[in-house]
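Inspection log for the structure reproduced underneath, given as structure tokens.
Protein chains: 2
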Amino acid sequence: MVLEIPMGKRLPIPSTLKDVANSANVSIPIVSRVLSGNPEVRVSADTRQRILKAAKSLSYHPNASARSLKAKRTYTLALFVPDVGNPVIPEIIRGVEAGAQSAGYAAFVSHLDEKAVSEQRYLTWLQEGRFDGLILATARLEDSIVEDLVRSRRPFVLVNRRESSTNMHITVDDAAGARIAINHLVELGHRRIAHLAGPLMFDTSLRRLQGYRQELDAHGIAYDSSLVQEYSWQTWEGGKVAMKRLLQGKKPPTAVFASNFMGAVGALGALKEFGLKIPEDFSLVGLHDSPIAEVIDPPLTVVKMPLHEMGRRAAEILINILEDRPCVIPQVLTPEGLVMRKSTAPCRCLS
Amino acid sequence: MVLEIPMGKRLPIPSTLKDVANSANVSIPIVSRVLSGNPEVRVSADTRQRILKAAKSLSYHPNASARSLKAKRTYTLALFVPDVGNPVIPEIIRGVEAGAQSAGYAAFVSHLDEKAVSEQRYLTWLQEGRFDGLILATARLEDSIVEDLVRSRRPFVLVNRRESSTNMHITVDDAAGARIAINHLVELGHRRIAHLAGPLMFDTSLRRLQGYRQELDAHGIAYDSSLVQEYSWQTWEGGKVAMKRLLQGKKPPTAVFASNFMGAVGALGALKEFGLKIPEDFSLVGLHDSPIAEVIDPPLTVVKMPLHEMGRRAAEILINILEDRPCVIPQVLTPEGLVMRKSTAPCRCLS
DNA sequence: AGAAGTTGAGCAAACGTTTAACCAAAAGGA
DNA sequence: TCCTTTTGGTTAAACGTTTGCTCAACTTCT
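In order, the protein sequences belong to chains A and B. FYI, this note's numbering numbers position 113 of the first sequence as 113, with every residue one higher than the one before it. Just remember that this note's numbering sits 351 ahead of the position in the second sequence, which is counted from 1.
Below you can see the structure in the form of structure tokens.
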């Protein structure tokens, strides 16, 4: 089947205040005032009715560009995400939208791929005033982006990530999340607990590693660096390879805490390849929840993070800046807790 | 840790053409012309240099609202998706962005939740001229949306879905996809092939069912309505329940074709609960690929659809309409083919 | 009745950009 | 020398809104 678009099927020309004013036999400003809905405007009942009727019959809608030009505001936020496919992203998106909407702002999502970065699209659009502020929801972050943003002195917020050049960020308490995971494993009797760490150049990975060590410490378990494997971010393949390395060590672990969702999935693959039964032979805890965690085999026990809340706060902060309102906001969110599914069980070493 | 936003940290005021003109001691229009990059403009080398220098040192960026107001165009497209978490969405998004960018347009994604529908946000934003055209990437579609859009006479394109009230849609050949899946199963020796069908009020589900029947016919296999189960869309739970019903029939199937990705995942869960080994005891084919298909156990054999291409075309069509260019575009894309993984195998009934 | 206040609406300017129309000065042609 | 053309700009208008100011026509008060 083929779609033919004929030439010259002109699109309708939107009606303007002028059209409404002409139709109602009044001046433009009074139309603007009446349609603004402001109860302060003094206008006769008759005029008001005529204007309302004309606006409706012409299906008038105020032009956003003209409004923004006048107001020097678009009341629009942009949310840049590097990877739309990442399972943690959707909840952040919904959070940002919720936060924006409740303050009368719109939020749009844009995919920050390599090309967008090299063209500095995020910056240009901000500078052109296409939107008032920017939220960067990203784990894979090129530092140059943040520096450009700081230099531009335009409002932006980092989500789920910190950067030395700015204090405009909102994150979850990754260390606390790691501690919850490790505590759970320790309580199940595990002692040799491995950690699949994300690239340590990222602050999130570092904090998770920190939490891992802290909690081991708290339980009097010695830290064994051979039980920590760094793996490449965001791809399950990386987690798989790293998990294999862990299993091939001389004293393999009985449980593992994976630094993120895709890593956990990769690790699961490796464990199965080694013929290990989860959770009977080996326990696995992931970080960040996702609907997918329920359907994989076995369903994954994870530490859930308040991603929605984080998105909402990011929008709130940004809007406070835009409206030049002072505000004091907790910048680090505590984990929501453990979601127990079927990938963890008491350590065999107990029996 | 707490973030304090101090009051009165004024944001920088963007510079305008006027500022540049003053700084370079020229009039505004010549600045506009020089910065437009149009080689036709006749200007002395000296003036050009002064303007360029001033623009750079003031870090001038043209104001998007003013431009759009003048041009009556925003060169922006909006892509509304009902469910950001749906695994097929990311590729469509990337396709739309690619198509938009190559034509000089920007594309933004917005999440079309219930509230957005009830507030008709998609319509309002279009009517306000926040963007020039609209792409609806949705399977869960409320008809009223399309009707509103048609009535508004503003440009929009439906992606992955058809609707009687418009011919502005671009889809994949679902029937052909179903045929590929069934043919694969038949070639593996399966005869009792079930179908998990999406809600039959959706055209996509209907076409997949159609393809299923056609291909059975082509192989001389009688259609057995007890082998078809309708299940609720987009949730793996639905697929699970439906699959269980199929397995509890008197003459259970040896293979199943699931109408979409989440359905296939749900079916997998049900099959495992019944103690069936995949693919030894039972074969499963899904529709639509996703990175997740590789990591679940077993990796899912699916029929892959050209989702990226579909997104790209949607953007192309929309832009052709906007620029009042006639065009002839294939409206139905053929499947990319079967992605063979580990969820299908020769029928046991053969041995 | 005259002054003062209120009501209802119009006029004009501004937001930043683009573009058509215009014009002085320099250059070229007879 | 005078007329025409080219060069290198300028002036003015327009896109659709919003908002401060103005102002005529009533109303109310003294």
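Glycine included, C-beta positions come from ideal geometry on N, C-alpha and C. Here the structure is a predicted model, which means the values were calculated and not measured.
- Taking a Cβ-Cβ threshold of 9 Å, the residues of chain A close to isoleucine 680(B) are Val2, Leu3, Glu4, Ile5, in chain order.
- Within the segment 6-90 of chain A, the runs of alpha helix (DSSP H) that reach at least 4 residues and sit entirely inside it are, in chain order, 17-24, 28-36, 45-57, 64-71.
- With a contact defined as Cβ atoms closer than 8 Å, threonine 254(A) and arginine 348(A) qualify at about 7 Å.
- For the beta strand (DSSP E) assignment, the uninterrupted runs of no fewer than 3 residues enclosed by the segment 204-276 of chain A are, from N- to C-terminal side, 228-230, 255-258.
- The beta carbon of aspartate 174(A) sits closer than 6 Å to those of Thr204, Arg207, Arg208, all from its chain and outside the five residues before and after it, given in chain order.
- Interface with chain B (8 Å Cβ-Cβ cutoff): leucine 188(A) is excluded.
- Looking at the DSSP output, valine 302(A) shares a beta bridge with Gly286(A), Val339(A).
- Rounded to whole angstroms, lysine 244(A) and leucine 271(A) show a C-alpha spacing of 8 Å.
- In the DSSP secondary-structure assignment, alanine 548(B) is bridged to Glu581(B).
- When rounded, the separation of the alpha-carbon atoms in alanine 532(B) and glutamate 566(B) is 9 Å.
- Under the DSSP assignment, proline 291(A) falls in the alpha helix (DSSP H) whose first and last residues are 291-295.
- Under the Cβ distance rule, alanine 415(B) counts among the residues neighbouring chain A, one pair being separated by less than 8 Å.
- Listed by position along chain A, the residues whose Cβ is nearer than 7 Å to that of leucine 403(B) form an empty set, because the closest Cβ is around 17 Å away.
- Annotated three-state conformation of histidine 190(A) is coil, per DSSP.
- DSSP places threonine 171(A) inside the beta strand (DSSP E), whose first and last residues are 169-172.
- Around the beta carbon of tyrosine 411(B), 16 or more other beta carbons sit within 10 angstroms, so the residue counts as buried.
- The DSSP assignment places 114-118, 121-127, 143-152 as complete runs of the alpha helix (DSSP H) inside the segment 113-154 of chain A, in order along the chain (cut-off: 4 residues).
- Ranked by Cα distance from phenylalanine 482(B), the first of Tyr231(A), Phe108(A), Lys70(A), Ala45(A) is Phe108(A).
- Contact between the segment 682-691 of chain B and the segment 468-486 of chain B is absent, with fewer than three C-beta pairs closer than 8 Å.
- Against serine 57(A), chain B offers no close residue; the least beta-carbon distance is about 14 Å (beta-carbon pairs closer than 7 Å).
- Taken through DSSP and simplified to helix, strand or coil, cysteine 347(A) comes out as coil.
- In chain order, Leu11, Pro12 make up the part of chain A whose C-beta sits under 9 Å from the C-beta of arginine 504(B).
- For isoleucine 278(A), there are no neighbours in chain B by C-beta distance under 9 Å, as the nearest C-beta there is about 10 Å away.
- Residue contact check for glutamate 97(A) against chain B: a CB pair falls below 8 Å.
- Not one beta carbon of chain A lies nearer than 8 Å to the beta carbon of glycine 637(B).
- The Cβ-Cβ distance between leucine 627(B) and glutamine 580(B) does not fall below 8 Å.
- Among the CB atoms of chain B, one or more fall inside 8 Å of the CB of threonine 124(A).
- Here alanine 78(A) is actually not in contact with leucine 188(A); their C-beta atoms are around 44 Å apart, not less than 8 Å.
- Ranking Arg341(A), Leu333(A), Arg325(A), Pro330(A) by CA distance to the CA of proline 357(B) puts Arg325(A) first.
- Just measuring C-alpha positions, the residue of Glu4(A), Ala66(A), Pro252(A) sitting nearest serine 32(A) is Ala66(A).
- Taking phenylalanine 612(B) as the centre and dropping the five residues before and after it, the same chain places the C-beta of Pro438, Gly637, His639, Ser641 closer than 6 Å to its C-beta, in chain order.
- Against chain B, the CB of lysine 18(A) has no partner CB under 8 Å away; the residue lies outside that interface.
- Annotated three-state conformation of serine 453(B) is helix, per DSSP.
- Taking the CA atoms as reference points, asparagine 22(A) sits about 13 Å from leucine 52(A).
- A straight line joining the alpha-carbon of serine 144(A) with that of methionine 305(A) spans about 28 Å.
- Isoleucine 278(A): not part of any beta strand (DSSP E); DSSP gives it neither H nor E.
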